[in-house]
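Throughout the sequence shown, residue numbering follows full-length UniProt numbering, covering 1 to 558 in sequence.
Where is the CB? At the ideal position from N, CA and C, for every residue including glycine.
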Amino acid sequence: MSLRHSFVIRYIPVIMQLLLFSCGDAYRDQQLLHEAGMLSDSLPADALTKLQAVNNSENFKRPDYAKYGLLLTRTMLMTGNRPPSDSLVSFAIAYYRETNDSTALFDALYTKAMFFFSTSKYDSAVHYFAAAENVISPEVSGHHKRIRTQGMSGYANLYLGRTKAAVKNYRTVLNLLDGETNTEGKVYTLLDLAQAYKYDHAIEDAIDMCRQALAIAEKNHAPAQQSVALSRLSDLYADRDDFEEALRYKKQEHALRVNREDIPTRNLAQAMLFDKQNQPDSARYYFEQAIQGNDPIVADIAYGFLSNWYEKQGLHEKAFGTFWKKQETKQHIESNIRMAALERRYESERLKNENNRLKIEQKEKDILLLAILLVVFAVSVTLFFVFWRQKKNRQALRLQTKARELAHQNVLLKQQQEISALREKEALLRESLFRRIHFFHRIPSLHIDEENAGELYERLPDTGNKIRMKETDWAELTRSVNEVYPGFIEQLKTQYPSLTDDDLYFCCFVKMRVNLQDLSDIYCVTKSAITKRKYRLKTDKFKITEKHTDLDTFLQDQ
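Dropping the structure here:
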């Protein structure tokens, strides 16, 4: 082996190790990216976990890196996590502009707009919502995308105080929904438009929008939508100081009872309306009803109102007790807030631990693959060096094996020849024994070859008499059969005790291969009667039910 070959072989393990780690990590990251793409819409939290488990996103090719940046930013926004920056989604936007992929470009622009919306940069959000809408293809499916961008632009404009722009956004959404069957979307768009009118101080227009939404909800028998519309109407009339109308709509909302969890909030709202109308008894009743609910925030507000009411009535002890309950409720709320914060922190730590666990498992797999590869490599090198030695041994072994096979075949052939010779001798012996039977020559089938049976039968003289058997002939028959087939008759008697002597004689003839013609002559019946007797013996005495097995075959095997 040359020095150059030895140098290459010396560094092959190092080269293969580097290739293994790079290819293993790259394949794993590609797999994680693919799985995250499948889960991003239905299970964004799981998709985010897989994306955070990617080790080397910088090694992605440009299409995969753009997809990675878009998915990571979008899943973080969907799960309530704040992305550190918009650099990843900005790269995706630049790449999709370059490749003219309008569908992916819309998703990237919309995601960047949502990023700015989540960071309260509403001007930038409105800009990117408009940019996303500009790349929508003029297709029917594009209506849904325009509805999303216009709706979110309306929210951003409301935060910016641009109420007229928000009204325009929601009007555009309503026009897009005219040809759609999504009545629920239309109801909530009307309610959003009412909010925009409210902030624009157009209370009458806001009330009109809420009434339209209520009419559609009632027509579609949607109590949840009716409840929201009635609540908005009650708030609008309360803002206009029309507490009587506000209370009427609040009672209608309360009558729906869409959700038991909403009852405390409705009771509190009615209590506050009664308080504004100077109806203290009714207000106190609904405050007490609100306290009985499961909403601690509502109970805290209700306890505050009740404490003030008792103080005005001079019931200082009750006022103090109510105030003390308010403090307990407040502490309970703060405890719940801390608990929720701890739960969020726990979930965040759990996700981090899950990511670390996935990384550790992947490293373990990489190490295992490396170990396997090194073992395979060592075995391969060993086999390569000893192959030329083993080749001759294998050739010699093949020659020896062939020689043994030929010798074995020769032995088998000789054994088969010996078996054939023994069978021929056995047949001759049986024939010689049968020839000693006195009536042998009276039964043609025992001494006529089957090939010449028809011709010789024609030459036999037709005496017109059947073959008659004497008592001595029957005894000679059984004795000869026992000599030729030792234990045959005794075996039949033992295994089939229902066989008569006549049945045994008949079985002896069949065992001796006496044909139908001779049997019909011996028993002085027709051939068909002999056939029927064979069948009856087979089924009645020997209990043989297989159609393919006849009496002759069965007895020859005994």
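By the C-beta density criterion, R162 is buried, having at least 16 other C-beta atoms within 10 angstroms.
Contact check between the stretch 42-53 and the stretch 26-33: three or more CB pairs, one atom from each, fall below 8 Å, which counts as touching. Counted as a single uninterrupted DSSP element, the alpha helix (DSSP H) harbouring P44 occupies residues P44 to Q52. Considering only S335, C507 and L368, the residue with the shortest C-alpha distance to I530 is C507.
If only uninterrupted beta strand (DSSP E) runs of at least 3 residues are considered, none is enclosed by the stretch 173-226. Residue burial is scored here from C-beta neighbours: P44 has at least 16 other C-beta atoms within 10 angstroms and is therefore classed as buried. Across the structure, A341 and E58 are spaced so that their CA atoms are roughly 34 Å apart. Residue state for M38 is assigned as helix, using DSSP reduced to three classes. Under the three-pair Cβ rule at 8 Å, the stretch 112-122 does not count as touching the stretch 97-104. Under a 10 Å Cβ-count criterion, D239 is classified as exposed, with fewer than 16 other Cβ atoms of the shown protein chains found around its own Cβ.
Within the stretch 92-118, the complete alpha helix (DSSP H) segments of 4 residues or longer fall at 102-118, listed in chain order. When the beta-carbon positions are compared, G154 and N175 stay at least 8 Å from each other.
Within its own chain, the residues whose Cβ lies closer than 7 Å to the Cβ of L351, once the five positions on either side in sequence are excluded, are T49, listed in chain order.
Around the Cβ of A407, a 10 Å sphere holds fewer than 16 other Cβ atoms; the residue is exposed. E546 sits in coil when the DSSP states are folded into three classes, being neither helix nor strand. Apart from the 5 residues on each side of it in sequence, G151 sits with its Cβ closer than 8 Å to the Cβ of N169, Y170, V173, T189 and D192 in its chain, given in chain order. With respect to the 8 Å criterion, V167 and A196 are classified as neighbours on the basis of their beta carbons.
When the alpha-carbon of N134 is set against those of R146, S124 and A125, the nearest one is in R146. In this structure, the straight-line span from the alpha carbon of A302 to that of R338 is close to 23 Å. Assignment of S57 by DSSP, reduced to helix, strand and coil, places it in the helix class.
Distances from the CA of I297 to each of K330, F320 and A271 were compared; the closest alpha carbon is that of K330.
A residue is called buried when at least 16 other Cβ atoms come within 10 angstroms of its Cβ; I443 meets this threshold and is buried. Sorting K532, R536, R148 and V510 by C-alpha distance to the C-alpha of T553 places V510 at the top. Taken through DSSP and simplified to helix, strand or coil, S445 comes out as helix. According to the DSSP assignment, M76 belongs to the alpha helix (DSSP H) that extends over R62 to M78.
For L177, same chain residues with a beta-carbon under 8 Å away, outside a window of 5 residues either side, are I147, G185, K186 and T189 in chain order. Taking the C-beta atoms as reference points, L71 is found nearer than 8 Å to S40.
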